[in-house]
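Student: A single structure is presented below for examination.
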Amino acid sequence: MKRFIIFMFIVKSMVWGSSTYAEKLKVVTAYPFIASVTEQITGDFADVQFLANGKWDPHFVVPRPSYISKLRDADLLIINGAELEVGWMPPLVSQASNSKLSGNGTLDLSRFVKLQEIPQTLSRAAGDVHPDGNPHYILNPENIIPVAHVIFTRISELDPDHAMAYKANFETFKKKWREKLKIWDDQMKKLKGISVIEYHGLYHYFLGKYGIKTEGTLERLPGIPPTPRHLVSLEKIIVDKKVKLILQDVYHSPDSAQMLAKKTNIRMVLVPHDVGAVSEAKDIFLLYDEIVRRMTND
Amino acid sequence: MNGKNIFVCFILTSLFQVTLFAQEVEQPLSSQSSGSSAKLLPDIFLNADFSGVYRNLNQDQFDSLGIPGFGDAGFYSETLNPSKGFNFNYAELGMYSVVDPFFDLFATFHLTVSTFEIEEAYVRTLRLPGNLQLKFGKFLSSFGRLNEVHAHAWDFSDQPLVYHSFWGAENLNEMGTRFTWLMPVSFYLQIGMEALTGNNDVSFGATGFTDPGNNYTVDNGMFPGIYIGYLKSSFDIGDLVVLTGFSGASGTMRIDHDIASAGGSGIYGDSSLLGADFTLKWIINSVKSLTWQSEFIYRYVDGSEYLNNGIKQSYMANQSGLYSQLVFQISKTWKTGIRFDLLQKNQVVAGIFNKRYPENISRYAPMMEYSPSEFSRLRLQYSYDQSGYDGSNRIINQQVALNANFNIGSHRAHSF
Numbered sequence: 020m021k022r023f024i025i026f027m028f029i030v031k032s033m034v035w036g037s038s039t040y041a042e043k044l045k046v047v048t049a050y051p052f053i054a055s056v057t058e059q060i061t062g063d064f065a066d067v068q069f070l071a072n073g074k075w076d077p078h079f080v081v082p083r084p085s086y087i088s089k090l091r092d093a094d095l096l097i098i099n100g101a102e103l104e105v106g107w108m109p110p111l112v113s114q115a116s117n118s119k120l121s122g123n124g125t126l127d128l129s130r131f132v133k134l135q136e137i138p139q140t141l142s143r144a145a146g147d148v149h150p151d152g153n154p155h156y157i158l159n160p161e162n163i164i165p166v167a168h169v170i171f172t173r174i175s176e177l178d179p180d181h182a183m184a185y186k187a188n189f190e191t192f193k194k195k196w197r198e199k200l201k202i203w204d205d206q207m208k209k210l211k212g213i214s215v216i217e218y219h220g221l222y223h224y225f226l227g228k229y230g231i232k233t234e235g236t237l238e239r240l241p242g243i244p245p246t247p248r249h250l251v252s253l254e255k256i257i258v259d260k261k262v263k264l265i266l267q268d269v270y271h272s273p274d275s276a277q278m279l280a281k282k283t284n285i286r287m288v289l290v291p292h293d294v295g296a297v298s299e300a301k302d303i304f305l306l307y308d309e310i311v312r313r314m315t316n317d
Numbered sequence: 100m101n102g103k104n105i106f107v108c109f110i111l112t113s114l115f116q117v118t119l120f121a122q123e124v125e126q127p128l129s130s131q132s133s134g135s136s137a138k139l140l141p142d143i144f145l146n147a148d149f150s151g152v153y154r155n156l157n158q159d160q161f162d163s164l165g166i167p168g169f170g171d172a173g174f175y176s177e178t179l180n181p182s183k184g185f186n187f188n189y190a191e192l193g194m195y196s197v198v199d200p201f202f203d204l205f206a207t208f209h210l211t212v213s214t215f216e217i218e219e220a221y222v223r224t225l226r227l228p229g230n231l232q233l234k235f236g237k238f239l240s241s242f243g244r245l246n247e248v249h250a251h252a253w254d255f256s257d258q259p260l261v262y263h264s265f266w267g268a269e270n271l272n273e274m275g276t277r278f279t280w281l282m283p284v285s286f287y288l289q290i291g292m293e294a295l296t297g298n299n300d301v302s303f304g305a306t307g308f309t310d311p312g313n314n315y316t317v318d319n320g321m322f323p324g325i326y327i328g329y330l331k332s333s334f335d336i337g338d339l340v341v342l343t344g345f346s347g348a349s350g351t352m353r354i355d356h357d358i359a360s361a362g363g364s365g366i367y368g369d370s371s372l373l374g375a376d377f378t379l380k381w382i383i384n385s386v387k388s389l390t391w392q393s394e395f396i397y398r399y400v401d402g403s404e405y406l407n408n409g410i411k412q413s414y415m416a417n418q419s420g421l422y423s424q425l426v427f428q429i430s431k432t433w434k435t436g437i438r439f440d441l442l443q444k445n446q447v448v449a450g451i452f453n454k455r456y457p458e459n460i461s462r463y464a465p466m467m468e469y470s471p472s473e474f475s476r477l478r479l480q481y482s483y484d485q486s487g488y489d490g491s492n493r494i495i496n497q498q499v500a501l502n503a504n505f506n507i508g509s510h511r512a513h514s515f
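Protein sequence lines, in the order shown, are assigned to chains A and B. Going by the numbering used here, the first sequence wraps up at 317, each residue one higher than the last. Going by the numbering used here, the second sequence wraps up at 515, each residue one higher than the last.
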């Protein structure tokens, strides 16, 4: 036993001693957008890494052991929450056996914003439903400042030495975000009141904020791929409700949306949902610039 | 610093962390929490598996098959999809929850028409320092790649032949304890050690035996009957995930081949197994991936064979097998794959006689899967099986199985 402890002590001191990031706070986030917001606050004082690729379906991230290595060393894990990670994250966290991630070491952002579409009754007959409500709240730009605030608060608790810098960065971010928000609000005005169709309920928060009506989804039920019969019924809806746009995400096949757009002679828009989903969306500001640009670009 | 001090330190730091809990600065919006966790109920799921089977052999022929050196007659009847016609394979009832900030508990109950079994029930530590984790209870061993995977998560409708031959129809599933350490290196490297009871009656066995003439007695085994050590490693090359592992198991074999009746025998000796596994997974996008997975297991037994008539002779076995499978997840709904099974080496020497058991025994199985949603799945699998023997005659079994699997309740994420 004694020898084993000494051995472990030596291994640990070797590893920690050699690490150049030993002093930095290590933050791991589930998705790239969270990492982008976090970097705005931490600057160079923390080492921020994300797990899922922004091009992927956030519901179906293929788990891999290298994620466990990242989680193993993290001081803080920040997740989207609202069950978006439920299909891939829990076994990784448990296998990382990182005692720092229990309690204050995991931050669930969904608990600090108001979620919409909380189902009244739960049944899988309604498809792949989210019991906590629609988890894609990050696509409402109004939710970014509350999210940044809670990240700033938690990081300052964990790394009080740099709290002043975090505070300054947060204030700068908040100011810049509010300025950009005015620009986006202004650009989006011309789409107010129009009707659209989405692939999945991914953009509900965004559409809700800008007064755009969703007349249907290509998926008949959440998580179930589009059926030919359902697409025919959507054709009628597009004509009857004067739908202007079909919003397609980057991770489902755009074939159905393209076909429907061609048949009804309306525009299909490929809308990024996360940082890195399209090459232009390099950070959280550019993500919104790109969403607004693509939707308003006739 | 001695062990006691470390324990005290651990308790103190844990208590400190608990007090920190109370001081949440930002108040979460309280109304938002999911139904079951709000009522402090564990997550519960029920998974049911049914199948329809057609094969060229009739039921009696099938039930009389074994593999010399690996399994007696009835070997295949203990697996899933045993009957020609309709099968209710199992219903698996599972529960999971954290116990408190320090432990979590997971249990699955394996139910068939006439049996209720606790398949797994184990507790894990959540807050051991230094990326260490302790697990205890009844659980599937982490030996190899597939052993700890539950039947509903397999890519094929049956176990690989090498698993069935070395561990039996229920894999290596024992009571005991496991200690794992995630090593502090830049890639994934986990080292694990297990101490298990040793009840597995294919490669080990904890129950002793006596010959009818009372010439000798092999006593029951004591805990732990098996020691297991393994090393698992993984790294990414872009979207290509490489996963590899080495495992070793060592214990005592006590097998009673019906020693009480004429022609029966018993085996008692040291049993060691070595395993190596290698997986390449190319993640093409969220729903599309291509996986090549292979495993090799080798068993060495050195001991004595006790015959019904009171004779004792030396017994030595050198046996090995492997499987290799390629699985293509085409889309969320479609998946296809092919598996090749081989029992390679089958050298068994009892006394001065080499038993000359058949070697290089193979099986091929392609499959196609359709999943209407994440919670339901249909799988059609064909197998061309040259592994079965009636006495010393090879009998070829061709089989088509259509399996239907359904999951209700909470859906626990699967590991990689």
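Just so you know, even glycine gets a beta-carbon here, dropped at the ideal spot from N, CA and C. Computed from a predicted structure; not experimentally measured.
Quick one: does B/Arg-226 have its CB under 8 Å from some CB of chain A?
Tutor: On the second sequence, position 127 is the one that residue 226 of chain B refers to. Closer than 8 Å: yes.
Student: Kindly say whether B/Leu-210, judged by its beta-carbon, lies nearer than 8 Å to any beta-carbon of chain A.
Tutor: As a first step, residue 210 of chain B must be located in the second sequence, where it is residue number 111. For B/Leu-210, the answer is no, since every Cβ of chain A falls outside 8 Å of its Cβ.
Student: With burial defined as no fewer than 16 other Cβ atoms inside 10 Å of the residue's Cβ, what is the status of A/Glu-104: buried or exposed?
Tutor: Counting from one through the first sequence, the residue named residue 104 of chain A turns up at place 85. Buried, by the Cβ-count rule.
Student: Can you tell me which of the three DSSP states B/Phe-235 falls into?
Tutor: To locate residue 235 of chain B, count along the second sequence from 1; it is residue 136. Look at B/Phe-235 here: in three-state DSSP terms it is strand.
Student: Please confirm whether B/Leu-441 and B/Asn-459 have their CB atoms less than 8 Å apart.
Tutor: Here residue 441 of chain B refers to the residue found at position 342 of the second sequence. Here residue 459 of chain B refers to the residue found at position 360 of the second sequence. Yes, Cβ-Cβ distance for B/Leu-441 and B/Asn-459 is below 8 Å.
Student: Kindly indicate which residue of B/Gly-229, B/Leu-421 and B/Glu-218 has the alpha-carbon position closest to the one of B/Phe-205.
Tutor: Here residue 205 of chain B corresponds to residue number 106 of the second sequence, with the count starting at 1. Cα-wise, what sits closest to B/Phe-205 is B/Glu-218.
Student: Any beta carbon from chain B within less than 8 Å of A/Phe-189's own beta carbon?
Tutor: Looking up residue 189 of chain A in the first sequence gives position 170. No, A/Phe-189 lies away from the interface with chain B (no Cβ there is under 8 Å from its Cβ).
Student: Closer than 8 Å is the cut-off here; do at least three beta carbon pairs connect the stretch 363-375 of chain B with the stretch 308-317 of chain B?
Tutor: yes
Student: For a quick check, are the C-beta atoms of B/Leu-271 and B/Phe-242 less than 8 Å apart?
Tutor: The count along the second sequence starts at 1 and reaches residue 271 of chain B at position 172. The count along the second sequence starts at 1 and reaches residue 242 of chain B at position 143. Taking 8 Å as the Cβ cut-off, B/Leu-271 and B/Phe-242 qualify as a contacting pair.
Student: Contact criterion: CB-CB distance below 8 Å. Does B/Ala-503 meet it with respect to chain A?
Tutor: Reading the second sequence from its first residue, position 404 is the one you call residue 503 of chain B. Output row for B/Ala-503: interface = no.
Student: Which residues share a DSSP beta bridge with B/Gly-347?
Tutor: Within the second sequence, the letter at position 248 stands for residue 347 of chain B. B/Gly-328 and B/Leu-373, per the DSSP bridge assignment.
Student: Give the secondary structure of B/Ile-383 by DSSP, where H, G and I count as helix, E and B as strand, and everything else as coil.
Tutor: The sequence position of residue 383 of chain B within the second sequence is 284, counting from 1. Here B/Ile-383 sits in coil by DSSP.
Student: State whether the stretch 46-56 of chain A contacts the stretch 79-96 of chain A, with contact taken as three or more CB pairs (one from each stretch) at a distance under 8 Å.
Tutor: yes
Student: Hey, is B/Leu-330's beta-carbon within less than 8 Å of any beta-carbon in chain A?
Tutor: Along the second sequence, one-based indexing puts residue 330 of chain B at 231. By this cut-off, B/Leu-330 is not an interface position.
Student: Could you check if B/Arg-493 is buried or exposed, using at least 16 other CB atoms within 10 Å of its CB as the buried criterion?
Tutor: Counting from one through the second sequence, the residue named residue 493 of chain B turns up at place 394. So B/Arg-493 counts as exposed.
Student: Between A/His-149 and the ligand MN, is the CB less than 7 Å from at least one heavy atom?
Tutor: Judged by which ligands are present, the structure shown has none, so any question about the ligand MN falls away.
Student: Between the C-alpha atoms of A/Gln-135 and B/His-513, what's the straight-line distance to the nearest angstrom?
Tutor: Translated into the one-based positions of the first sequence, residue 135 of chain A becomes position 116. Translated into the one-based positions of the second sequence, residue 513 of chain B becomes position 414. A/Gln-135 and B/His-513: Cα-Cα distance of roughly 28 Å.
Student: Under a CB-based cut-off of 8 Å, is B/Phe-334 close to chain A?
Tutor: Taking the second sequence and counting its residues from 1, the one referred to as residue 334 of chain B is at position 235. By this cut-off, B/Phe-334 is an interface position.
Student: Under 9 Å Cβ-Cβ, which residues of chain B neighbour A/Ala-280?
Tutor: For the purposes of this step, residue 280 of chain A is taken as the residue at position 261 of the first sequence. Near A/Ala-280 there are no residues of chain B at all, since even the closest Cβ is about 22 Å away, more than 9 Å.
Student: Helix, strand or coil, according to DSSP, for A/Glu-299 in the structure here?
Tutor: Stepping through the first sequence from its first residue, residue 299 of chain A is reached at position 280. Of the three classes helix, strand and coil, the one that applies to A/Glu-299 here is coil, per DSSP.
Student: Could you run through the stretch 102-117 of chain A and flag, in chain order, every residue whose CB is less than 9 Å away from some CB of chain B?
Tutor: Listed by position along the chain: Glu-102, Glu-104, Val-105, Gly-106, Trp-107, Met-108, Pro-109, Pro-110, Leu-111, Ser-113, Gln-114, Ala-115, Ser-116 and Asn-117.
Student: With DSSP collapsed to three states, give me the class of A/Val-80.
Tutor: For this step, residue 80 of chain A is matched to residue 61 along the first sequence. Reduced to three states, the DSSP call for A/Val-80 is coil.
Student: Near B/Phe-286, what residues of its chain come up, given a Cβ to Cβ distance below 8 Å and the 5 sequence neighbours on each side ignored?
Tutor: For the purposes of this step, residue 286 of chain B is taken as the residue at position 187 of the second sequence. These residues qualify, in order along the chain: Ser-332, Ser-333 and Phe-334.
Student: Checking the sheet assignment: what are the DSSP bridge partners for A/Asp-293?
Tutor: Along the first sequence, read from residue 1 onward, the residue named residue 293 of chain A stands at position 274. In DSSP, A/Asp-293 forms no bridge with anything.
Student: Near B/Gly-347, which residues of its chain fall below 6 Å by C-beta distance, leaving aside the five closest residues on each side in sequence?
Tutor: Working through the second sequence from its first residue, we reach residue 347 of chain B at position 248. Cβ neighbours of B/Gly-347 beyond the five flanking positions: Gly-328 and Leu-373.
Student: Less than 8 Å between the C-beta atoms of B/Val-212 and B/Phe-187, yes or no?
Tutor: Counting from one through the second sequence, the residue named residue 212 of chain B turns up at place 113. Counting from one through the second sequence, the residue named residue 187 of chain B turns up at place 88. Note that the C-beta distance between B/Val-212 and B/Phe-187 is below 8 Å.
Student: Just reading off the beta strand (DSSP E) that B/Met-194 is part of, what are its end residues?
Tutor: Here residue 194 of chain B is taken as the residue at index 95 of the second sequence, counted from 1. Start and end: 184-199.
Student: Less than 6 Å between C-beta atoms, sequence neighbours within five positions excluded: which residues of the same chain meet that for B/Pro-338?
Tutor: Along the second sequence, read from residue 1 onward, the residue named residue 338 of chain B stands at position 239. According to the sequence displayed, residue 338 of chain B carries Asp and not Pro. The residues are Ile-382.
Student: Would you kindly report the start and end of the unbroken beta strand (DSSP E) that includes B/Ser-475?
Tutor: For the purposes of this step, residue 475 of chain B is taken as residue 376 along the second sequence, with counting starting at 1. In the DSSP assignment, B/Ser-475 falls within the unbroken beta strand (DSSP E) covering 475-489.
Student: Express the C-alpha separation of A/Pro-245 and B/Val-400 in angstroms, rounding to a whole number.
Tutor: The residue labelled residue 400 of chain B in the question sits at position 301 within the second sequence. The residue labelled residue 245 of chain A in the question sits at position 226 within the first sequence. Approximately 56 Å, taken between the alpha carbons.
Student: Thinking C-alpha only, which one of B/Val-197, B/Phe-202, B/Ser-256 and B/Tyr-262 is nearest B/Leu-233?
Tutor: Looking up residue 233 of chain B in the second sequence gives position 134. When each option's Cα is compared against that of B/Leu-233, the closest is B/Phe-202.
Student: Could one say the Cβ of B/Met-467 lies closer than 8 Å to chain A's Cβ atoms, at least one of them?
Tutor: Counting from one through the second sequence, the residue named residue 467 of chain B turns up at place 368. By this cut-off, B/Met-467 is not an interface position.
Student: Would you mind telling me which residues of chain A sit closer than 9 Å to B/Ala-512, beta carbon to beta carbon, in chain order?
Tutor: Taking the first residue of the second sequence as 1, we reach residue 512 of chain B at position 413. Pro-82, Glu-104, Val-105, Gly-106, Trp-107, Met-108, Pro-109, Pro-110 and Leu-111, listed in chain order.
Student: Hey, out of B/Trp-280, B/Pro-465 and B/Arg-455, whose CA is closest to B/Ile-290's CA?
Tutor: Residue mapping note: residue 290 of chain B aligns to position 191 of the second sequence, counting from 1. Nearest in C-alpha terms to B/Ile-290, of all of B/Trp-280, B/Pro-465 and B/Arg-455, is B/Trp-280.
Student: Taking the continuous beta strand (DSSP E) assigned at A/His-223, which residues delimit it?
Tutor: What you label residue 223 of chain A is simply residue 204 of the first sequence in a count that begins at 1. First-last for A/His-223: 223-228, but that is the alpha helix (DSSP H), not the beta strand (DSSP E).
Student: Less than 8 Å between the CB atoms is what I'm expecting for B/Ala-464 and B/Tyr-481, so what's the real figure, rounded?
Tutor: If you number the second sequence from 1, residue 464 of chain B lands on position 365. If you number the second sequence from 1, residue 481 of chain B lands on position 382. Going by Cβ atoms, the distance from B/Ala-464 to B/Tyr-481 rounds to 7 Å, so yes, they are a contact pair.
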